[in-house]
Amino acid sequence: MSCKLVRRHMGAYVDGELDPATQIEFERHVDTCVRCQEELAFETSMREQTREALGGVEAPDDLWGRVLNRLDEIDEARLDVGVAQARPMRWKQAWPIAAAAGALLVLGGVVGLPEGTTYQGASMGTLQDVVNLHSQRLPSDVEASEPGQVATYFRGKTPFPVRPAQFEGANGAQLAGARYIRVGNKPAAALYYNYGGRRMTLLVFRDPDMVNSAERTHVGGRELYYYNVGNQVVPIRQVRGINYAFFGDLEKPQLMELAASARVGQ
Amino acid sequence: MPKSARKTAHERRHFEADTRPHLDNLYSAALRLTRSQVDAEDLVQDTLVRAYRFYDRFEAGTNFKAWLLRIQMNTFVNRYRRAVREREVLDGPMAMPVGEGVMSRATMRGLTDPEGDAQRKLVAREIAHAFDQLSEDARAMVLLADVEELSYKEIAEIVGCPIGTVMSRLHRARKQLQLSLHSQARQLGIVVEDAEDASGEPVSLEEFRTRKAAQS
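What follows is the structure, encoded as structure tokens:
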């Protein structure tokens, strides 16, 4: 076998795809040819380095949970079971992460939610999302302090424009990054802020009915909705059907004030 | 037609157990194909939904990972390709002539034995970079063969072409990857060009044909 032919078979040899006869001829040549030995070493090394460089990316933590959600939907359709019955199971499976478990316990002691409304279940799910999202500390898809950059990132990804809330003054909360997530099956934006060394997560999603069963108050002359979650609060601002739900490692009055002072939807 | 609850639960359990070990592979490949985390996550979800729907068509005893990747490639082609294709230029690296040997021995040595971890990481990053420059077809070839280590037969089934075509397309894709890597590595100073490369030893296919035509 000539050098030229050996080079041509190099890839298939490393892949273990040569037929036995050709392989024997190939090896007979390489045994005595230094240049082809070098080529072979290179080919083998490249293969290994390519695998290392391109493979081995781990799927995001919540991907499997979201896959299971979709499979639940198929199962439901197959079994012809009503959605209402299956929903509680869906939420449980959506958040298999240990970190979220604590947050779910906190939600067990929800107070102040009006009862008996049909909408409550879905609102609660969304609230869980905000709380979980904050405690999971999922990495940002985009790290940016410019609202414009973040808005651009979400263009075409969410069916509504994402306009990060802005806060007045040098002491206001600073935008740090954002991540695309799904709330139930709806696309949403999670915006991460820093506020004096503490973290705040702002979830932006479309759901005009979200505020129907929320508490309502006025802070600093501005209308503010909120849900009490355990001893924490999730303030919500709504602009043209888009909700801005705040959650953070902050004292209750502080978070309420921050939410009220935010410029949203601009 | 509604299935019985028991059968569904049984199938579901099996499907999850079969699928879970390949989630990282699927995501990895999806990320390389779509070049976007959001698209990759959507692609994997859509892939597994389809796989679940057609789970009863999987032939027991064959490679399950290859089966999943096949569904993922099809899903990618059907749903995501249009958007991606727009970004690709026809006269990209695919149009470049590919020589038999694209690198000198010194270059090969520089890339074969990166000195230390830092250098190794640098080479890895450059490979990922070079990979992104490849055509969609070449990327699929490299992913399926080099990263997922599927057999030529499995790849042939996935891309829908004869095994011989897999071989030549794979050969071409790897040479393109090397070519792209080579120019980047040279720019970064990972490898130093020596006299060998200037000697004109690597001959482009076009040049080879021209010479051959002149001889006959």
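Respectively, the protein sequence lines represent chains A and B. So our numbering is basically just the index in the first sequence, starting at one, shifted up by 43. So our numbering is basically just the index in the second sequence, starting at one, shifted up by 8. All C-beta atoms, glycine included, are put in the ideal place defined by N, C-alpha and C.
Neighbour flag for residue i against chain B, beta carbons, 7 Å
i        : result
Val100/A : yes
Val247/A : no
Leu176/A : no
Asp184/A : yes
Asp105/A : no
Asp118/A : yes
Leu114/A : yes
Minimum Cβ-Cβ distance from residue i to chain A less than 7 Å
i        : result
Arg87/B  : no
Phe66/B  : no
Val155/B : yes
Arg40/B  : yes
Val57/B  : yes
Phe139/B : yes
Gln80/B  : no
Gln184/B : no
Ser115/B : The question names Ser, yet the displayed sequence has Thr at residue 115/B. Not one chain A Cβ lies under 7 Å of Thr115/B.
Ala13/B  : yes
Thr83/B  : no
Ser36/B  : yes
Ala132/B : yes
Glu19/B  : no
Glu49/B  : yes
Gln192/B : no
Phe174/B : Here residue 174/B turns out to be Val, not Phe, going by the sequence shown. It does not: the Cβ of Val174/B has no partner Cβ on chain A nearer than 7 Å.
Ala136/B : yes
Secondary structure of residue i, DSSP reduced to three states
i        : result
Arg206/A : coil
Arg51/A  : helix
Pro103/A : coil
Thr83/B  : helix
Val185/A : strand
Arg198/A : strand
Val226/A : strand
Arg180/A : coil
Thr16/B  : helix
Ala68/B  : coil
Arg306/A : strand
Gln141/B : coil
Ser45/A  : coil
Glu316/A : Nothing in the structure corresponds to residue 316/A, since chain A is present only between 44 and 309.
Pro170/B : coil
Arg43/B  : coil
Contact under 7 Å by Cβ, residue i with residue j
i        : j        : result
Glu186/A : Gly220/A : yes
Tyr35/B  : Val52/B  : yes
Val262/A : Gln281/A : no
Val49/A  : Thr87/A  : no
Thr83/B  : Thr115/B : no
Ala288/A : Val277/A : yes
Thr173/B : Leu122/A : no
Ala96/A  : Ala136/B : yes
Ile285/A : Phe203/A : yes
Ala233/A : Phe248/A : no
Leu189/B : Ala153/B : no
Ala193/B : Glu156/B : no
Arg222/A : Ser183/A : yes
Ala102/A : Asp140/B : no
Ala38/B  : Ala48/B  : yes
Leu246/A : Val173/A : yes
Leu151/B : Ala74/B  : no
Residues that residue i bridges to, as DSSP identifies them
i        : result
Gln251/A : Note that residue 251/A is Pro in the sequence shown, not Gln. DSSP lists no partner for Pro251/A.
His261/A : Glu266/A
Pro278/A : Tyr269/A
Ala288/A : Leu246/A and Ile279/A
Tyr216/A : As written in the sequence, residue 216/A is Ala, which differs from the Tyr given in the question. Ala216/A pairs with nothing; no bridge assigned.
Tyr236/A : Leu218/A and Met243/A
Ala126/B : DSSP, once it has assigned bridges, lists no residue as partnering Ala126/B.
Ala231/A : Ile224/A
Local Cβ density within 10 Å of residue i, reported as buried at 16 or more and exposed below that
i        : result
Gln275/A : buried
Ile171/B : exposed
His30/B  : buried
Ile67/A  : exposed
Glu125/B : The sequence shown places Asp at residue 125/B, not Glu. Label assigned to Asp125/B: exposed.
Pro207/A : buried
Ala146/B : buried
Arg180/A : exposed
Thr93/A  : buried
Val205/A : buried
Ser178/A : buried
Glu91/A  : exposed
His52/A  : buried
Worksheet item: Along the segment 271-300 of chain A, what residues have a CB closer than 8 Å to any CB found in chain E?
Response: Considering every chain present, this structure includes no chain E. Its protein chains are A and B.
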